[in-house]
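See the structure below:
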């Protein structure tokens with residue numbers, strides 16, 4: 017998989033650094049030990065954060081800045097990491113989907129980065145380009161129907177948009193049958209060390225919960 021960061025993104029976030037984790041995996045409907053980790057993380061955040069201080073976490077603050085620079089209101093179209101942690105702070109359970117999706121959600125709340133998780137066999141072509149959504153560009157968010165991605169950072173394959181920091185696309189979503197996983201970590205704060213740590217944490221979770229050797233990852237910018 018080749019990933020290109022467009023000039024549009026370089027202009028609004030010259031320090032952007034991303035990581036792509038690719039692995040062979042086995043999905044499952046539910047994993048109790050994984051949910052124990054998710055609940056522990058929620059307890060930690062309820063003791064240390066509020067819905068206002070949440071916005072100051074480096075990964076979330078940087079993503080919100082890029083949204084504004086691209087012309088999007090981050091309070092209306094919240095980055096996924098912020099939305100997940102905010103839900104925990106409000107005492108609400110995260111939605112339980114399946115082990116791969118739940119695992120990616122844990123990795124997102126643990127580091128504050130918005131992370132895209134995809135069934136790589138559904139990509140069209142072998143290249144993804146990170147750009148900015150356009151007015152009228154069709155995009156079906158997972159569980160959201162058609163959404164307006166104008167002004168949102170968006171990954172596109174040869175057919176169109178597959179992922180934004182707010183919502184991934186129905187077309188390439190993870191399902192029970194997914195065996196070839198690609199995960200994209202969006203470091204709009206430019207902290208390569210932390211992005212690498214997040215990628216390695218995902219590999220660790222895949223080894224623990226998805227019958228995987230953890231695959232491999234690479235950094236892109």
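In my numbering, the protein residues as written are 17 to 237. We put the CB at the ideal spot given by N, CA and C, even for glycine.
Can you tell me whether DSSP reads residue i as helix, strand or coil?
| i | result |
| --- | --- |
| residue 211 | helix |
| residue 97 | helix |
| residue 232 | strand |
| residue 116 | helix |
| residue 110 | coil |
| residue 143 | strand |
| residue 121 | helix |
| residue 18 | strand |
| residue 197 | strand |
| residue 128 | coil |
| residue 39 | strand |
| residue 75 | helix |
| residue 52 | helix |
| residue 58 | helix |
Using 10 angstroms around the beta-carbon of residue i, count the other beta-carbons present and answer buried if the total reaches 16, otherwise exposed.
| i | result |
| --- | --- |
| residue 118 | buried |
| residue 96 | buried |
| residue 20 | exposed |
| residue 84 | exposed |
| residue 180 | buried |
| residue 48 | exposed |
| residue 219 | buried |
With DSSP as the reference, please indicate the residues paired to residue i in a beta bridge.
| i | result |
| --- | --- |
| residue 185 | 157 |
| residue 148 | 169 |
| residue 162 | 156 |
| residue 134 | 198 |
| residue 33 | 203 |
My assumption, with CB atoms under 8 Å, is that residue i sits in contact with residue j. Please give the rounded CB distance.
| i | j | result |
| --- | --- | --- |
| residue 36 | residue 169 | Not really, about 15 Å apart at Cβ, beyond 8 Å. |
| residue 40 | residue 183 | About 26 Å; that fails the 8 Å criterion. |
| residue 236 | residue 34 | 5 Å |
| residue 89 | residue 140 | In fact, because the Cβ distance is near 30 Å, the residues do not count as touching under 8 Å. |
| residue 57 | residue 125 | 6 Å |
| residue 121 | residue 157 | At roughly 16 Å, the Cβ-Cβ gap does not stay under 8 Å, so residue 121 and residue 157 are not in contact. |
Looking at C-beta atoms only, is the number of pairs between the stretch 191-204 and the stretch 130-142 that lie closer than 8 Å three or more?
Judged by Cβ distances under 8 Å, the stretch 191-204 makes contact with the stretch 130-142, as three or more pairs qualify.
Does the stretch 100-108 come close enough to the stretch 54-67 that 3 or more CB-CB pairs lie under 8 Å?
Contact annotation: the stretch 54-67 touches the stretch 100-108, with at least three C-beta pairs closer than 8 Å.
Pairs of beta-carbons, one from the stretch 152-165 and one from the stretch 37-53, closer than 8 Å: are there three or more?
Because the criterion of three Cβ pairs below 8 Å is not met, the stretch 152-165 and the stretch 37-53 do not touch.
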